[in-house]
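Down below is the structure, laid out as structure tokens.
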Amino acid sequence: MSDQQKHEALQPIHPSMAGKLDPVFEKLYNDNVANTPLKPIDLDVLRTKYSVLYSYGTGPAPDVGRIYDSEITTHEGVALQLRVYEPEGSGPWPAHLDFHGGGWGLGDLDTESHICKHICKKANVIVVDVAYRLVPENAFPCGITDSFAALKYIFEKGAQEFNILTDKLSVGGVSAGGFISLALGHLARDAGIPLRLIAVGTPVIDDISQYQTAADSPFASMQRNEHAPTLNWGRLVWFDRLKWSSLGSTPEEIAEKRKKIPGLFANLLVADNFADMAPTVIFTAGADPLCDEGEAYGRNLIENGVQVTMKRFPGVPHPFMHMDKDLWQASEFIDHTARAIGHALHDS
Numbered sequence: 005m006s007d008q009q010k011h012e013a014l015q016p017i018h019p020s021m022a023g024k025l026d027p028v029f030e031k032l033y034n035d036n037v038a039n040t041p042l043k044p045i046d047l048d049v050l051r052t053k054y055s056v057l058y059s060y061g062t063g064p065a066p067d068v069g070r071i072y073d074s075e076i077t078t079h080e081g082v083a084l085q086l087r088v089y090e091p092e093g094s095g096p097w098p099a100h101l102d103f104h105g106g107g108w109g110l111g112d113l114d115t116e117s118h119i120c121k122h123i124c125k126k127a128n129v130i131v132v133d134v135a136y137r138l139v140p141e142n143a144f145p146c147g148i149t150d151s152f153a154a155l156k157y158i159f160e161k162g163a164q165e166f167n168i169l170t171d172k173l174s175v176g177g178v179s180a181g182g183f184i185s186l187a188l189g190h191l192a193r194d195a196g197i198p199l200r201l202i203a204v205g206t207p208v209i210d211d212i213s214q215y216q217t218a219a220d221s222p223f224a225s226m227q228r229n230e231h232a233p234t235l236n237w238g239r240l241v242w243f244d245r246l247k248w249s250s251l252g253s254t255p256e257e258i259a260e261k262r263k264k265i266p267g268l269f270a271n272l273l274v275a276d277n278f279a280d281m282a283p284t285v286i287f288t289a290g291a292d293p294l295c296d297e298g299e300a301y302g303r304n305l306i307e308n309g310v311q312v313t314m315k316r317f318p319g320v321p322h323p324f325m326h327m328d329k330d331l332w333q334a335s336e337f338i339d340h341t342a343r344a345i346g347h348a349l350h351d352s
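Just add 4 to the spot in the sequence shown (first one is 1) and you have this note's numbering.
Now the structure itself:
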């Protein structure tokens, strides 16, 4: 079976993960996922199921004042769908922009709806969830450029169109959405858009296309968690190939177009400047292949004088924050994220 077929990782927990996982997660996984037959990936089918992929572990979310969908047209002429979560009351409010995960090719406005509701309620802020365009039908780095365009739009027009206090903005997301949020920190700083906070979970950071195997990565978590449940090396490679395939149909065409993409958009560790960034919260997962690279990025910020909060949640895999019904780590992730956003965006 090819690497592309094996990437799904829907099988019993790999022996190499023995002793590394919280028993509560192990039971949750074994009861709901481990016996699912292994089969080739179908991107269209996975897209229809992605936002409920971990619903077996997702707890109820609080009610908020109002939820509505909207659409903006960016300066580049791109129409983007938004979902807006408003607290109770009349506002105006600070705002947190959320960018969902999904390996650049999955996810929508339902993917992190429960997290958005928690943040809206607990931090008492508007949450604007952004549906950036996906690969491969749109060329990478569309997720980053769309998201930055949405941030610029909210900064410029959020007061009149969404009742937002545009001097009190934060950004955040998980996985690919974490990468997007951190990249936006660099872009916003350079564009003079003030952010109060960047809050991310289990972010992808490095460019794994430069490695042939997990052993080639400089980050020990990539080897330690090569066969982790929910996200493993093979699945990371599959999504990485999907991302770069959006640039062309041949290796030569892809390589030529990659030359025109800023290095930062492929690998956050090669950023030219880590100084003067917004305060940043980075939460990682002990059983995630991406754990160490997220923490390495955080150390780069710290070394450049940026205020950084980092925490590694033990015994859980990459998408653990979607399993707050059962995992204390997920509940704490949501609570700590909301608390950090609330503290950053409210003056008192």
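C-beta atoms are modelled at their ideal positions from N, C-alpha and C, and glycine is treated no differently. Computed from a predicted model, the values in this text were never measured in an experiment.
* For my contact list, LEU240 and ALA154 are in at a C-beta cut-off of 8 Å; report their separation, rounded to the angstrom. => 26 Å between Cβ atoms; not a contact.
* To do: For LEU138, decide whether its Cβ has a neighbour in chain C, counting only Cβ atoms nearer than 7 Å.
  => The structure shown contains no chain C; it holds only a single protein chain.
* **Reference LEU110, options ASP73, ASN142, CYS124, PRO41, closest by Cα** => ASN142
* Jot down the residue ranges of each uninterrupted beta strand (DSSP E) in the region 132-215, minimum 3 residues, whole runs only, in chain order. => 168-178, 201-205
* Asked: Buried or exposed: where does VAL37 fall if 16 or more other Cβ atoms within 10 Å of its Cβ makes it buried?
  -> buried
* To the nearest angstrom, report how far apart ILE158 and PRO66 are at their CA atoms. => Separation of ILE158 and PRO66 (C-alpha to C-alpha, rounded to the nearest whole angstrom) is 25 Å.
* To do: Under the assumption that LEU201 contacts SER179 (Cβ atoms under 8 Å), give the Cβ distance between them as a whole number of angstroms.
  => In this structure LEU201 is not in contact with SER179, their Cβ atoms being roughly 19 Å apart against a cut-off of 8 Å.
* Simplified DSSP state of MET281, which is helix, strand or coil -> coil
* Whole beta strand (DSSP E) runs in the region 26-111 with 3 or more residues, listed along the chain? -> 70-77, 83-90, 97-103
* Would you mind reading off the limits of the beta strand (DSSP E) that contains MET226? => From DSSP, MET226 is part of no beta strand (DSSP E) but of the alpha helix (DSSP H) over 224-228.
* Asked: What whole-angstrom Cβ distance do ILE286 and MET314 have, given they're in contact under 8 Å?
  -> 5 Å
* To do: Look up THR341 in the DSSP assignment and say whether it is helix, strand or coil.
  => helix
* So is ALA219 buried or exposed if we call it buried at 16+ other beta carbons inside 10 Å? -> exposed
* In terms of residues, what are the limits of the beta strand (DSSP E) holding VAL312? -> 312-317
* Looking only at DSSP bridge pairs, what is ALA289 linked to? -> PHE317
* Asked: Out of curiosity, what's the CA-to-CA distance linking ASP171 and PRO98?
  -> Within the model, the alpha-carbon separation for ASP171 versus PRO98 is close to 8 Å.
* Asked: For ILE130, which of helix, strand or coil comes out of DSSP?
  -> Here ILE130 sits in strand by DSSP.
* **Whole-Å CB distance - ILE130 paired with TYR89, under 8 Å assumed** => TYR89 and ILE130 do touch by the CB rule: their CB atoms are close to 7 Å apart, below 8 Å.
* To do: Could you check which residue in ASP112, GLY302, PRO321 has the C-alpha nearest to that of ALA289?
  => PRO321
* Asked: If you compare alpha carbons, which of ILE17, LEU47, GLY63, ALA270 is closest to GLU336?
  -> GLY63
* Asked: When burial is assigned at 16 or more other CB atoms within 10 Å of the CB, is HIS347 buried or exposed?
  -> exposed
* C-beta contact flag for ASP330 and LEU57 at 7 Å -> no
* **As assigned by DSSP and simplified to three states, the class of GLU260** => In the structure shown, GLU260 adopts helical secondary structure according to DSSP, grouped into three states.
* Backbone CA spacing between ILE45 and HIS350 [nearest angstrom] -> About 44 Å.
* If we ignore side chains and look at the alpha-carbon of each, how far apart do TRP108 and CYS146 end up? -> 9 Å
* To do: Look up ILE354 in the DSSP assignment and say whether it is helix, strand or coil.
  => Any answer about residue 354 is impossible in this case: the structure gives the chain only from 5 up to 352.
* **Neighbour-count burial assignment, PRO16, 16 or more Cβ in a 10 Å radius** => PRO16 is exposed by the Cβ-count criterion.
* Residues in its own chain within less than 6 Å of ASP211 by CB, not counting five upstream and five downstream? -> ALA270, ASN271
* Asked: Apart from the five residues just before and just after GLU297, which ones in its own chain have a Cβ nearer than 7 Å to its Cβ?
  -> ILE209, ASP210, PHE223
* Asked: Which residue comes first and which comes last in the alpha helix (DSSP H) that contains GLY238?
  -> 237-249
* Asked: Does the Cβ of VAL274 have 16 or more other Cβ atoms within 10 Å, making it buried, or fewer, making it exposed?
  -> Label assigned to VAL274: exposed.
* **Spatial distance of SER94 from ILE123 (CA atoms)** => Going from the Cα of SER94 to the Cα of ILE123 covers about 18 Å.
* For ILE258 versus GLY252, is the C-beta spacing smaller than 7 Å? -> yes
* **Nonlocal neighbours in the same chain, by C-beta distance under 7 Å from VAL265, ignoring five residues either side** => The question names Val, but residue 265 is Ile in the sequence shown. Excluding residues within five positions, the ones whose Cβ falls inside 7 Å are PRO145.
* Asked: In this structure, does DSSP put GLU2 in helix, strand or coil?
  -> Outside the modelled stretch of the chain, which goes from 5 to 352, sits residue 2, for which no answer is possible.
* To do: Go through its chain and collect everything with a Cβ distance to LEU199's Cβ below 7 Å, but skip five positions before and after it.
  => LEU173, SER174, VAL175, GLY189, ALA192, ALA282.
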